[in-house]
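*Asks:* Questions regarding the structure given below will be posed in turn.
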Amino acid sequence: MAMRKRLIAGNWKMYKTRAQAQAFAEELAAAWPPATGHTVEALPEAVVCAPFTALAGLLTHLSKAGVKLGAQNVHAQTDGAFTGEVAAAMLQEVGCSYVIVGHSERRMYQQETSEAVAKKAQAALAAGITPIVCVGESLQERETGRTQAVIGEQLAPVLQVLQTLDAQGSGTTQGASAAATVIAYEPIWAIGTGKSSSAVDAQLVIGFIRSLLSAHLGAATAGAVRILYGGSVKPDNIAAYLAQADIDGALVGGASLHAASYAELLKQSMQA
Ligand code: PGA
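Residue numbering for the sequence shown is 1 to 272, as defined by our numbering.
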């Protein structure tokens with residue numbers, strides 16, 4: 001089986017002015033990548049998902065550290081009268097290669113539905129941007145044994161989009177578009193709480209997500225899609241998640257805000 005490249009994505013949320021973002025990037029470039037003692041293959045893929053206003057100014061600074069740029073939201077339409085929204089082509093133009101869609105904070109505060117999230121993922125893929133599609137259950141859903149049902153419902157419209165893309169071929173090899181998607185499993189009760197899921201529990205859910213992908217998109221695509229864990233990931237617990245068979249990286253909020261701890265997360269994610 002081809003090895004999936006590890007992906008460590010920082011989610012800055014509504015933190016950092018342009019000046020603060022640049023200071024982070026400069027500090028990071030001094031600490032990452034490590035100068036010697038590794039192959040290029042050993043390095044994880046690193047992404048920082050910054051607020052819209054910081055994106056354009058960050059690209060050159062982050063690329064010095066070999067870190068890619070991502071956004072935290074995108075509109076489903078290519079353009080139009082949508083005051084306050086940003087289209088995928090606009091993100092692509094400022095150098096974004098990733099965009100987070102369906103983060104639980106947006107599902108909660110902006111009432112984003114799973115159908116809307118799927119359309120955003122579709123718009124990102126059409127613009128050549130990799131969507132990081134977030135799913136996850138609430139504490140109450142977990143405690144009432146509904147975790148798999150909730151994740152299945154959240155993923156259903158996304159799977160439909162990916163199936164259609166594959167059926168159309170998208171001008172690439174079969175399955176290429178679907179395989180370019182990233183899924184992030186983030187149990188809501190673990191986000192920003194310091195109460196992370198155990199690595200074994202995270203693997204159980206992420207293994208379930210991969211089985212859903214396999215049932216809808218085939219084993220080859222399911223084996224290529226990267227699935228991240230998110231929720232209170234820190235430098236001292238990331239290795240336990242990455243040791244699990246189906247966990248390919250992390251989506252990190254709080255611990256990605258400081259260059260030193262973000263660099264440490266990347267270091268802990270290097271592959272032997
Ligand atoms: P956290 O946030 O790492 O601060 O828990 C994760 C996220 O919201 O993506």
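Idealized CB from N, CA, C, for every residue including glycine.
#1: Count the C-beta pairs between the region 187-207 and the region 244-251 that are closer than 8 Å, then say yes if the count reaches three, no if not.
#2: Answer yes or no: do residue 10 and residue 262 have a C-beta to C-beta separation smaller than 9 Å?
#3: Please report how far the alpha carbon of residue 44 lies from the alpha carbon of residue 8, in whole angstroms.
#4: Could you tell me the alpha carbon to alpha carbon distance between residue 98 and residue 89, rounded to whole angstroms?
#5: Classify residue 105: buried if its beta carbon has 16 or more other beta carbons within 10 angstroms, exposed otherwise.
#6: Locate the beta strand (DSSP E) running through residue 232, then write down its first and last residues.
#7: Applying the criterion that 16 or more other CB atoms from any shown protein chain within 10 Å of the CB defines a buried residue, is residue 139 buried or exposed?
#8: Is the CB-CB distance between residue 266 and residue 132 below 9 Å?
#9: Sorted by chain position, which residues of the same chain lie with C-beta nearer than 8 Å to residue 194's C-beta, five sequence neighbours on each side aside?
#10: Compute the Euclidean distance between the alpha carbons of residue 5 and residue 85, then round it to the nearest angstrom.
#11: Roughly how many angstroms separate the alpha carbons of residue 16 and residue 41, rounded to a whole number?
#12: DSSP three-state label for residue 130, please.
#13: Measuring straight from C-alpha to C-alpha, what distance separates residue 117 and residue 35?
#14: From residue 23 to residue 152, what does the alpha carbon distance come to, in whole angstroms?
#15: Confirm, please, whether the CB-CB distance from residue 103 to residue 162 is below 9 Å.
#16: To which residues of the same chain is residue 157 closer than 6 Å at the C-beta, ignoring the five residues directly before and after it?
*Replies:* Walking through what the data contain:
#1: yes
#2: yes
#3: 7 Å
#4: 12 Å
#5: When all chains shown are included, residue 105 counts as buried.
#6: Counting along the chain, residue 232 falls outside any beta strand (DSSP E), and DSSP gives it neither H nor E.
#7: Exposed, because fewer than 16 other Cβ atoms sit within 10 Å of the Cβ of residue 139.
#8: Residue 266 places its beta carbon 9 Å or farther from that of residue 132.
#9: 232
#10: 32 Å
#11: 31 Å
#12: strand
#13: 39 Å
#14: 40 Å
#15: no
#16: 114, 115 and 118
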